[in-house]
Structures are given as structure tokens and as C-alpha cells.
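Visitor: If you read the protein sequences in the order shown, they are chains A and B.
Residue numbers 466 to 1253, in the numbering used here, belong to the letters of the first sequence in order.
Residue numbers 4 to 455, in the numbering used here, belong to the letters of the second sequence in order.
Ideal placement from N, C-alpha and C gives every residue a C-beta, glycine not left out.
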Amino acid sequence: MNTERMMQVCVAMMAALATLMLGTSQESATLPIIGLLAALTALFFTDILKWFSLHPIVAGTAGVVAGANAFIQSQTGGLESQFISVANLLIHLQIVLLFQKKTQRIYWQLITLSLLQVVVAAALNLFVLFGPLLILYTCFAISALLLFFVYRQVDTFLVAEDQVSMNVDQSIQIASAQPFGTPTSSSAVDPLNRPRRTLLKASFFRYFTLMGISTALVSAAVFLLMPRFGDDAWRAKTKSATGLSEEEVNLTNVSSIYEDPSVLMRVSFLDEATNEPYSVSGYPYFRGAVHEVYRNGKWKRDDSGELERSQMSRLKTPTRIYSAVRQQIHLEVSRGNTVCGVSPSCGLNDATDSLRMCDRTLEVRHFSDNSESPLEYTVGTLGFRNGLQSEFLPNYGTAKALTNEAVTNQDRMQEVLNYLPALSAKAAEIVADIPEDQILRRARALERHFTNGRAGYKYSLDPSPERDPKRWRDPVEDFVMNHKTGHCQFFASALALMLRSQGIPARIVVGFRADSYNVVGGYYQLRGMDAHAWVEAAIPADQIPDDEVMPTEGLRGFEANGAWVRLDPTSGDDFVNQSVAVSAWRQQLSDSVDYMQLLWSEYVLGLNEKRQRKAIYEPIKNAIKNTFALAFSREVWTARFEAIRERFQGDFFTRQNMRDAAIAIVVLTIAFYVIRYAGRFLWGWTKSVWNRSEHRHAPKIEFYRRLESILSKHGIHRELTQTPSEFAALAKLQLLDRNADSTTADIPSKVVQHFYRVRFGDDRLDTNDLQRLENWLGSLQKSLSSTS
Amino acid sequence: MNHRKTTPRTQVAITREGWYYLGMLSFIVAGAIIRDINLLYIMAGMMLGPMLFSWYASTKSLRRIDVRRRHPKLVSVGDAFYVESVASKPKNAARCFATLVTDRVIRHGDQLRGAMEAEMFFPAINAGSSAEASYRVSLSRRGRYQLGPMKVSTSVPLGLVRVTKTFHTDAEVLVSPKVGSLSSAWTRHLDFKNDGGQKSARRRGNAEGDFYGMRDWRNGDGRNRIHWRTSAKRSKLTVRQFEQRVNQDLVVILDLYNPANKPPTSTPVHGDSNDRGTKDRGSQRDYLSTMNREEIESAVSFAATLVVQHCRQGAAHVVVASASRARFKLHGLASPVFRAELMERLAVVEPSQDDLLPSTLSEVLPLAAPSAKIVLVSTRDRDLNDTQAFESVWKNTRIRRSLSDIVKVNTATAEFADWFQSEQKQFQLDDSANALDAAGETPIDSQDSQVS
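This is the structure in C-alpha cells:
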């Protein structure tokens, strides 16, 4: 394959990759396919087979049309639309260029356009796939630039080879005889394309490798060390996360629920005592918003979600902090300020300060300013015992709050009885055999009603076709008494209202039920489709089973308040089967990709000023500081020498001594060469600076330059081959020809004499000399001006 | 090879493509900083890496490179010659790639715009080896030409940064006048002049030297040289050759007079600046039109041809003097060395605006042997009997008789074309070139030398 063909392939690949990157950023498959097809078609039919190519006028017209189209598109939408229209314009222009006959200009334009596409894609792209694509693109870009260089350099000569050039008066004619250098030992004359091949063969792989390494190093250095100025690294907005709303639970909505597979949150657990990953059995529940008020098919928060920071308390830190499990929460997108996590949350020494907890609902909220970017929180939890999540949550309410709550619960029970009589009757029927004081048993019985499958409930994300809103005004009553088909919110609502009808305080909790653990990254990934709703029912302290340990370690004093028990009525077979079984390797691959995405988001996209300072600058600063401290510490060196002395006192030829000696020799050799190289470089640099006598004398001989400049302005030029003295003599003659007086005509000679004194005699001019020179040059200037 | 070597100076410059590249890089860096887009920081690094590497690779590629030039020192007008460049790298140096060697050719006294550059490209030069390339030059004006400085540059590997090393190698090429051919008419004319003169009744035969051999008769050979007996035997005219022609001394006086050979000044005559420009151009044209450079070149070429032919015959004494701007007087035995020395002098001889012929004659004629042929080559018809103009000659009784022996050759006359045939037209008249040439006129002291 010849150089140009290789370059055409590289440029086509660059174009295709750039379009692919732009396409992935827009989550569109159309553009990459069009770009790839255009690149391949142009490569085969325009570049290789040369069947057709666009005429420049046609190409220009197509470019104008593409520009006009982009302009019209950009007028119809907002900023995002404008951005996308620019991206599309770049792709369209690229396609037009691909089908043109390739010249050096076209190649440059193609390379530039593809680069611009990558820039736009970089601003839009969030996916980890962008990284490998960028590396691939860089490889092709370097190859294309290397080949293009060879192509340009050699082609220039091939074109000019047969030309004879002449100077202005045609007295000098120059023609290429043997324009390409050949080894002196070789007598063979190279064919025309040999230089290109020679250059390519000798330099391509060497430079490709070296440039690849240097590019990687410089990129890493720039990325890590270039100071960031903002607290928040920019990233394109993602689509708003679907799942359950934290503001309300609306059961009147009859549309299907879309299962969003995108990851909204990642949570990893660490044992606070050992700082090792904490292994959790089963599917942990991550509590989010707590809804307590039910009206007309809608659940809402009791406080309408308007609790202020001051009304919430700091996270309580347990006395024995090592019993807690550390939760590291990475929130991709948050629409509200509720932080999902395993309850009950507790404080840690380095827990995020901006978190506050509501004592009554145990809901945790964040109060940081930023809600767009991924948020990260560190918070403890007391919800685990031996790897199992406790079903019981403490009630941190004060005595007064509990009293108020009792009144409220009474009202809520009455409300359900009045408003939902059928549902209440059904609940009463279910628990008819259980004594009223056995609250936990009654609650469990109601939960089993939904989960044991005998009642005919069916889990579905689609609205049931058998809904009968005319007969059953309330959607929950319709669900229980009529169609028995719905998603977790229907199940949770039904159970909560049934519990309330039996005088058991209940609330529904919206959060996540995690069933996807990333083995590679060691975290749970919570996707939109993992959103879940369940019920919490209040039970008195005396009904907590003996084998259940209240997760209030170190938070004594709240046991008497009873507990909230978690009841999940949606745990039917249909719901469990929602998780699709995948093969192990696919799961491994999926976990790896997700983990890389996490790292990409966290350490590449999310590197901001704070993180950079913490992760890069401070360690470097500390390392330098420590190195200096160690290098100049007398105690350290004494100890080292002492250790060496002790080591060599015994048997010298031990394995360890030999290994250390080998390492020392290697290190010293490297250090020697580094110092030698640095020394040579510094010496060479110093010498070159010192040797620049022209520059050293530059300020001192400025007057001579002025003389040349003045004379040159008036048509007296110094020729290349003239010495300053000869020039002065010629200038004198010419000045005399212009009727200048002899004093003026002598000025160039006088100035040159001074110039020689300074330049070659290394003499210094005193103030009088300088003043005299100034006067001479001034009068020369004046004289020449008046003459002309 | 003739060059004086100094330490090469290295310059690093960003190419035009490099500036475009930097523009893109700046755009990306600005975007990264303004919007805090981390991916753009990575892209900036990915663009900066190749840029820095280009600078490093280009600098390293030219480190310890050496370039030398091979070329003839003396060439004739219009003759093509080759200039070879040999680039080499020492054994322990890095290889260099895509090296461009640029050599400059400029005539002494010309301004830079009259210079020409030749380029040679070395794809790769390995450590411890050398490579060579060459270019062909043809110089159509007599004079002293400077080769160099040589610039060695590379922008490997991407063409973004160009590193240039300038080797200040001062090399010269002298371009001597073209040697033409003298016709038999000239020989007859010369012989006639000598035979008809008072002192020219020389005896031929043994007086011409020792017998050397016989050869075929050629056009221009005198009848008295024919060896009739041998001619009869061979049925072919055969002449005798003599080894030494002791009486064939030659004196050539080159009179290059051009009163208008004075550089036009840019002094305004009157009027505004536009008028001044017009006047300047006009005066240049006038000046150039009066200057018959072609005739001057013919005169120089004729003189060179005369001496070269005489040197071929050998052993004679030759005196050449020029009444020109840089006067010279050269005398010695006709030999290749003499010829070479003369060619160097004639390469740079220029017409003078002063009439130097009388003084030259008074200096040269005393050197002429009584039997020497004296040829005055001039671009004008000068009356040597003008006692006033040639007062110094006429006053000297020793030399004034020689005036009548002088064979005058006026290149402006029609008969000159019959005597002398230049092989090619030596000079294309060009106004601007002449103007440039004239601007560089500097009086040079007369030189006197003897070559033996």
C-alpha cells in the first residue's frame, strides 16, 4: 500500500470515528452509520477506484446547503438544539469533503473537521466508551499526520523535480539534478517513489511509538496537573432519571411505568472497624422519601417536603462507632434533596456535613448547593447485623411527638374507615382471627395477604384493563376489591391503608430495592428500574421479637418508643422475576463496564478543583516535602548508614544483600546518566547563550543598526557582501551625489568607526560618545529628509 | 571544496501548519478552562504531546549533522555544473529524517532578490553514514558568485515545528568569460597587420622554433609552412610543426570603457514623489541603454579566447592588461596556470567610466617584446594617433613606435563578427539586473601581478 492510500485510510477512519463519538454523545445510531458508510464509500469509490468525485462547485453548493440547513435548525430550538445542529453541520461538511478529489487542502480540512467533531463530542459525552474511542482516534490521527507529513515533503520535491528556476535577471538557472539524498556508498539511482518509502520505513513506526508514549504522558500530565478553577467539573446533562417521585406517589396515573435501566446511584458498604468491604446478604432496601398523607389516590409527605435544615437534626453518632457500617453513596442525578440509604443512618467522624436527618421519619436529606452533578456522600448506618439488614427501625421521636402522632394516627384510621369502607372491611376480615393487641402479627397477616398468592394479586407495570373507576372511586380500593393488578405502589398503598384501618400506624416509603451487586467494583448499583415502594408499620416495643436486635447500638434511650417494621407486600413471584437472569460472563462484563463508567464519571469527568487538590496536589506536595525532609535529615542518614553497616557486618553474600546491591547499582547508574544528561544540557545551553555575541552586543551596537535603517529608508542599502566599512564608503559617495555636504557624508564612516570599536574591539562608549553618535545620526536623518 | 566553516546556528520556528495547530489547541484549552470540561483537558494534552515531541524530534534529528559542499571553483559563462551536498552524521549520533538542505547562489554585488535557492531532500541519514544530493547550476553572467549559506532544516515528524541550522560556509565560484573560436579571417588579419608593419618582416621557418613534426594542413596555415615534398608523397597538403614559437609573444590590451557606467542616483530632479519615481526609472533606462554590455562581454570573451589559443601553442610570453574599473596587468609564459589566472581576472573585470587606455598603454607597451603581437580589444574606435590623448605614450620614444604595431579590434564593428564566433550568446540584457550591478560599483585599486 502506498503512502497516499495509507493516509486516505487513516483520514477515513478519523472521520468515521469522530462521527461515531459524536453519535454516541447524542445517543443516536443514525449518524455513526451514515458517517461510517460515507467514509467507506468515499474511500473505495472516490479515492481507490476513482469512479467519481464531487466537482468543487457542487461541493461548495452542498456545503452552503448544509450550512443553511444547520442555521434553520438552530433557530427552532434552544441551546442544545444549536449545539446539535453545529455537530450535524460538521458531519455533513465532512461527508461532502470525503467525496471530493483529495488535495493537501482537502486533507487538512478533513483532519480539522474531524477534530472539531471530537471537541463537540467531548463536550457532550458522558460515556466511558468515549475514552477508548478517543485513544483509537488519537492513534489514527498521529498516523494520518505522520503520513501526511511524508506525503507533503516528498511530493513537493516530486513536483518540483523537473522544473528549472531562474532568478529575476535570469543570470542564475538552477535545476534539480539529484534532489533526493542517497547514501554515499550506494551508486544506484533511486526510483521516484523510493524517498517516500525510505522515509516512511525508517521513521514511521519509531515516531508512532515515541509519539504515542509522549502523547499519553503529556495528556496525563495536563489532565492531572492543569489547575481547575471551579468546584464543579462540567458535564453534559443527562435525561432526568425515571423512577418513583420523592414528592408524591400518584396512583391515579394510568400510563405505563417505563423501566429505566440507567444507573442512578451506587452504594458501597465498608466495615467501619476494619475498613474492609462489608458483605451484605439478601437485597438491601434503600430508604428514600417517606409518605404519610393519603388523599384521592395520592400519597404525600406529611411536611410537604418543606422541612428546613434547621428543623432537621444532625446525624447521631453512636458511642461505639465501629459497630456502624460506612455507606459511600455516589448519586448520579438527584432531583430532590432526599438521600437514599440504608436506615437508620448515623454519623461518622468524616461523614458528610451537609446531611440532616428527620427524627420522626428517619429520612436523610442533603443541603448542598449543587444538585446537577453527581453527589457523593459518606454516611454510617446501623441497619446491618451480621450482614443482614434489620427489618426494624428505631423510633427517635420525643414523648411529645409520640403523643401528637398517636392523635394523628387515630384521625388517619377514621379517615380510612370512612373513605374506604370496602378496603377496611377486607382488612378486618383478614385479621379477624388475630387479637387486636398482637399488632405485629396483624401486620404480618395483612402483608401475607398480598404475598401468599392466594388472593390473586398480580404484579404489573401496565395499568390494568379491568379498572373500574366509576364503581371504585379510589384507585387503591379498586386495586384491592377489583382488578388486583398493579405495581409496587398499589401494593404498598393497599397495605398501608389496610394497616391504618386496623389502627396500626403505617406509612409508605419510596426508595430502592437493590438486586444488582457489582462484583468488580464492590458496590450496589441502583437503577431507575430498581425503584420500589414498601410499607413501614409502627409496633410497640414489647412486640419486637426477641431474636430481632434493634439497630440502636450506642443510641440507647429510644427502645421504649417501639419500632417501625418494614413490610413489603410486593414480594410476589412476578416482582422477583423482573430481574432477568444473565450468564456469568455477561454479568461480569456488565459489572466491569459499569465500574469503568463509575471510574470515568468520578475521576475523569468529575475531577474538580477540590478533588484535584486532595488527590493530586497535596500528595505531590507532601511527597516533595517528605523527600526533602528525608534527604536532608541527619538522623535519617545516620540510621541508614548504621543499618547498612550492620547488614554488612555479617555474611555479605546473602541473597538480600545481593538484591539490594543490584538495585543500588541500577539506581546509581540511572542517576549518573540523568545527572550527566542534565549537566550536558545545562552546559550546552549556557554556552550557547554566552556565545551569542551578536545578541550580547545587540544593545551596544544599536546605533549602527539605526544608521543602516536611516540610510536604507533613503535608498542606500547595504549589500550582503559588503563590510560595514565598504558600506560607509559607498554611502559617502552616494551622499555626495545627493549634494550632501562633506560633514554629513562623513557621518557613516564615523559611525562605523565607533561600531568597530565596540563590536570588534570590545570597547565601551562613554556618555560623550553616545551623545555624539546621537547628534550625528540626528543630523544625517535631517539632512536626508531635507534632500528628499 | 572551498568553504570556511563556522559553528552552525540553530533556529526553531513554528511552521504555518504549526500555527494552525496551535490555534486549535488554544481553542480547546480555552474551552476546557472556561467550561471546566475535563475531556477537553485530555484532548489538549493529546494535542500538546505531538507538538512538544515535534520540537524535540526536530532538534534531535539535526543534532551533530554536518553538511559539506563540492563544486568547481572556476566555470565558464553558460556552462552547467553540479553542486553536490554531502550530509553526514557521526557514529554515535541519532538518525535524522526528512532533512531539507537549502543552498543559495548569489552574484557578488547583487541584492538578495537576485539570489536563487536550490533545495535537496534527504529522506534519512543513518548514524555513521552520509548521503549526497546535487543540483545543477548554470550561470550566464561573468563574475564572482557566492554559494551559501547552507541551511539544513527539518520539521520531522509532523511538520509543525521547523528546526533550521545555518552553516555559514563561504564558497565562491568564479564565472569566466566564454571561450569562443577565432576564424581564419582573424588569423589573416593578424598576419596581414604584422606582415605589413615596419617591424613585422620576420623570417619564418627555423626562427619559429625546433621542428616538431608534420601534420595535415588546416585552414589558416601559412603557405610557407607547407612541406611540398611530403605533400606530394601523401597527395595531401602537409605542413611542418615547430615545437617552440619564440617570436609569438602576445600583448593583449583590453579596453573596457563605458563613460555612462555610473550608478543612477535616486536624487529627485524636481517635482513630487511620483515624479521622482518616474524620473528615477527614466534615468535608469537612459543609463542602461547607453551601456552596451553585450559588446563589453564580447570584448572580454575575445580577449580570453585570444590568450587561450595562444596558451595552447605554448612557450610564448603573454602580457594581458585591462583598462577597466579594476585594472590589472598580467604577464608570464603562456601556460595553463597563466590561463587559469587570467580567467579569474577576466571573470570579475568590469568597464570603467574613466578613460584608462592611455595610462594602460604607457604601462604595458614597455613590457612588449619588439616582435610581439599587440592586440587592443576595445568597445570603441580609438585613434591612437591622438597625441594629446596619448601624450604619455607619444612622449616616450621607446614605446611610441609600438603604437603603429597595435592590432585594433573594435567589438562594435561588423567585421568583428567575422573574426570571432562566440559559442553562445553570453548575456541576456536585462535592465533591472544592470541597474543592480551598477549600484554595487566600487573603485578597486589596480593590481599588478606576474604569473610564471
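In chain order, what residues of the same chain have a beta carbon less than 7 Å from the beta carbon of LEU962/A, not counting five sequence neighbours either side?
Guide: Residue mapping note: residue 962/A aligns to position 497 of the first sequence, counting from 1. Cβ within range, chain order: TYR759, VAL881, LEU885, LEU888 and VAL941.
Visitor: Could you have a look at CYS314/B and say whether DSSP puts it in helix, strand or coil?
Guide: The residue labelled residue 314/B in the question sits at position 311 within the second sequence. Correct three-state label for CYS314/B: helix.
Visitor: To the nearest angstrom, how far is the alpha carbon of ALA96/B from that of VAL155/B?
Guide: By 1-based counting over the second sequence, the position of residue 96/B is 93. By 1-based counting over the second sequence, the position of residue 155/B is 152. In a straight line, the C-alpha of ALA96/B is about 16 Å away from that of VAL155/B.
Visitor: So, is LYS41/B buried or exposed, given that buried needs 16 or more other C-beta atoms within 10 angstroms?
Guide: Taking the first residue of the second sequence as 1, we reach residue 41/B at position 38. For clarity, residue 41/B is Asn in the given sequence; the question names Lys instead. Buried.
Visitor: Shorter than 6 Å, the distance from the beta carbon of SER855/A to the closest heavy atom of the ligand PLP, or not?
Guide: Of ligands this structure carries none, so the ligand PLP is not represented either.
Visitor: Would you say ILE637/A faces chain B, with C-beta separation under 7 Å as the test?
Guide: Within the first sequence, residue 637/A is the residue found at index 172, counting from 1. At least one chain B Cβ lies under 7 Å of ILE637/A.
Visitor: Could you check if ALA504/A is buried or exposed, using at least 16 other CB atoms within 10 Å of its CB as the buried criterion?
Guide: On the first sequence, residue 504/A is found 39 positions in, with the first residue counted as 1. With 16 or more other Cβ atoms within 10 Å, it is buried.
Visitor: Quick one: is ARG404/B buried, meaning 16 or more other Cβ sit within 10 Å of its Cβ, or exposed?
Guide: Here residue 404/B refers to the residue found at position 401 of the second sequence. Answer is exposed; the Cβ neighbour count stays below 16.
Visitor: Alpha carbon to alpha carbon, what distance is there between PHE510/A and TRP516/A?
Guide: As a position in the first sequence, residue 516/A is number 51, starting the count at 1. As a position in the first sequence, residue 510/A is number 45, starting the count at 1. If I take the Cα positions, the gap works out to 5 Å.
Visitor: Use the C-beta contact count for ILE402/B: other C-beta atoms within 10 angstroms, 16 or more gives buried, fewer gives exposed.
Guide: As a working mapping, residue 402/B is identified with position 399 in the second sequence. Classification for ILE402/B: buried.
Visitor: Could you name the residues of the segment 1174–1193 of chain A whose beta carbon sits closer than 9 Å to any beta carbon of chain B, in the order they occur along the chain?
Guide: HIS1179, GLY1180, ILE1181, HIS1182, GLU1184, LEU1185, THR1186, GLN1187 and GLU1191
Visitor: Strictly under 7 Å for the Cβ-Cβ distance: is VAL687/A near chain B by that measure?
Guide: Residue mapping note: residue 687/A aligns to position 222 of the first sequence, counting from 1. Closer than 7 Å: yes.
Visitor: In the DSSP assignment, find the alpha helix (DSSP H) that holds ASP175/B and state where it starts and stops.
Guide: Your numbering for residue 175/B matches position 172 in the second sequence. Contrary to the premise, residue 175/B reads as Glu rather than Asp in this sequence. Segment 174–179 is the beta strand (DSSP E) holding GLU175/B; no alpha helix (DSSP H) there.
Visitor: Indicate the three-state DSSP secondary structure (helix, strand or coil) for ASN485/B in the structure shown.
Guide: Residue coverage of chain B in this structure runs from 4 to 455, which leaves residue 485/B outside it and unanswerable.
Visitor: Give the DSSP bridge partners of THR950/A, in chain order.
Guide: Walking along the first sequence from the start, residue 950/A turns up at place 485. The partner list for THR950/A (beta bridge, DSSP) reads LYS923/A.
Visitor: Kindly list, in the order they appear in chain B, the residues whose Cβ is closer than 8 Å to that of ARG617/A.
Guide: Numbered from 1 along the first sequence, position 152 holds the residue referred to as residue 617/A. Residues of chain B passing the Cβ test: GLY162.
Visitor: Exposed or buried, what is THR717/A when buried is set at 16 or more other beta-carbons lying within 10 Å of its beta-carbon?
Guide: As a position in the first sequence, residue 717/A is number 252, starting the count at 1. Counting Cβ neighbours within 10 Å, THR717/A comes out exposed, since fewer than 16 surround it.
Visitor: Could you tell me which residues DSSP pairs with ALA235/B in its beta bridges?
Guide: Along the second sequence, read from residue 1 onward, the residue named residue 235/B stands at position 232. Answer is none; ALA235/B lacks a bridge partner.
Visitor: What's the C-alpha gap between SER269/B and ASN1204/A?
Guide: As a first step, residue 269/B is located in the second sequence; it is residue number 266 there, counting from the start. As a first step, residue 1204/A is located in the first sequence; it is residue number 739 there, counting from the start. Any reading at SER269/B must be qualified, since the residue scores a pLDDT of 41, below 50, and its modelled position is unreliable; the value itself is stated next. In this model, SER269/B and ASN1204/A are separated by some 12 Å (Cα to Cα).
Visitor: Label LYS1197/A either buried or exposed according to how many other C-beta atoms from any shown protein chain fall within 10 Å of its C-beta, with 16 as the threshold for buried.
Guide: Position 732 of the first sequence, counting from 1, holds the residue named residue 1197/A. The residue in question, LYS1197/A, is buried, as its Cβ has 16 or more Cβ neighbours within 10 Å.
Visitor: Please look up how many angstroms separate the CB atoms of VAL380/B and ALA306/B, rounded, as I've assumed it's under 8 Å.
Guide: In the second sequence, counting from the first residue as 1, residue 380/B sits at position 377. In the second sequence, counting from the first residue as 1, residue 306/B sits at position 303. With 8 Å as the limit, VAL380/B and ALA306/B qualify as a contact, their Cβ atoms being about 5 Å apart.
Visitor: For VAL1216/A, is the classification buried or exposed, using 16 other Cβ atoms within 10 angstroms of its Cβ as the cut-off for buried?
Guide: Start at 1 with the first residue of the first sequence, and residue 1216/A comes out as number 751. Under this definition VAL1216/A is a buried residue.
Visitor: One question on the structure: do ARG147/B and HIS111/B come within less than 7 Å of each other, judged by their Cβ atoms?
Guide: What you label residue 147/B is simply residue 144 of the second sequence in a count that begins at 1. What you label residue 111/B is simply residue 108 of the second sequence in a count that begins at 1. Yes, the pair counts as a contact, with Cβ atoms nearer than the cut-off.
Visitor: For PRO742/A, which residues does DSSP report across the bridge?
Guide: Mapped onto the first sequence, residue 742/A falls at position 277. Bridge partners of PRO742/A: LEU735/A.
Visitor: To test your reading of the DSSP string, which unbroken beta strand (DSSP E) runs of 3 or more residues are found completely within the segment 131–162 of chain B?
Guide: 133–142, 146–150 and 153–157
Visitor: Taking 7 Å as the cut-off, decide whether the C-beta atoms of LEU1261/A and ILE1175/A are in contact.
Guide: Chain A is shown only over 466 to 1253; residue 1261/A falls outside these bounds and no answer can be derived.
Visitor: Taking C-beta pairs closer than 8 Å, name the residues in chain B that PRO644/A reaches, listed in chain order.
Guide: In the first sequence, counting from the first residue as 1, residue 644/A sits at position 179. Simply GLU122, MET123, PHE124, ALA136 and TYR138.
Visitor: In whole angstroms, what is the alpha-carbon distance linking MET365/B and GLY117/B?
Guide: On the second sequence, residue 365/B is found 362 positions in, with the first residue counted as 1. On the second sequence, residue 117/B is found 114 positions in, with the first residue counted as 1. Checking the sequence, you will find Ser at residue 365/B rather than Met. The alpha-carbon atoms of SER365/B and GLY117/B are separated by roughly 39 Å.
Visitor: Can you confirm whether PRO53/B, when its beta carbon is compared against all beta carbons of chain A, has any partner nearer than 7 Å?
Guide: In the second sequence, counting from the first residue as 1, residue 53/B sits at position 50. Cβ-Cβ to chain A under 7 Å: yes for PRO53/B.
Visitor: Cβ closer than 8 Å: which chain B residues qualify as neighbours of SER668/A?
Guide: As a first step, residue 668/A is located in the first sequence; it is residue number 203 there, counting from the start. Those are PHE100, ALA101, ALA127, VAL159 and PRO160, listed as they occur along chain B.
Visitor: Using only the alpha-carbon positions, how far apart do SER276/B and TRP422/B sit?
Guide: Within the second sequence, numbered from 1, the residue matching residue 276/B stands at position 273. Within the second sequence, numbered from 1, the residue matching residue 422/B stands at position 419. Low local confidence applies: a pLDDT of 40 at SER276/B is under 50, so the model's placement there is unreliable, and no value is given.
Visitor: Quick one: grab the DSSP three-state call for SER855/A.
Guide: Residue numbering aside, residue 855/A sits at position 390 when the first sequence is read from its first letter. Correct three-state label for SER855/A: coil.
Visitor: Tell me whether GLN879/A is buried or exposed, calling it buried when 16 or more other Cβ atoms sit within 10 Å of its Cβ.
Guide: Walking along the first sequence from the start, residue 879/A turns up at place 414. The residue in question, GLN879/A, is exposed, as its Cβ has fewer than 16 Cβ neighbours within 10 Å.
Visitor: Would you identify the three-state DSSP class for MET27/B, choosing helix, strand or coil?
Guide: For the purposes of this step, residue 27/B is identified with residue 24 of the second sequence, where counting begins at 1. Residue state, collapsed to three classes: helix.
Visitor: Exposed or buried, ALA1127/A, counting other C-beta atoms within 10 Å across all chains shown (16 or more means buried)?
Guide: For the purposes of this step, residue 1127/A is taken as the residue at position 662 of the first sequence. Exposed, because fewer than 16 other Cβ atoms sit within 10 Å of the Cβ of ALA1127/A.
Visitor: I think ALA60/B touches VAL159/B, with their Cβ atoms under 8 Å apart; what is that distance to the nearest whole Å?
Guide: Counting from one through the second sequence, the residue named residue 60/B turns up at place 57. Counting from one through the second sequence, the residue named residue 159/B turns up at place 156. Approximately 6 Å separates the beta-carbon atoms of ALA60/B and VAL159/B; this is inside 8 Å, confirming the contact.
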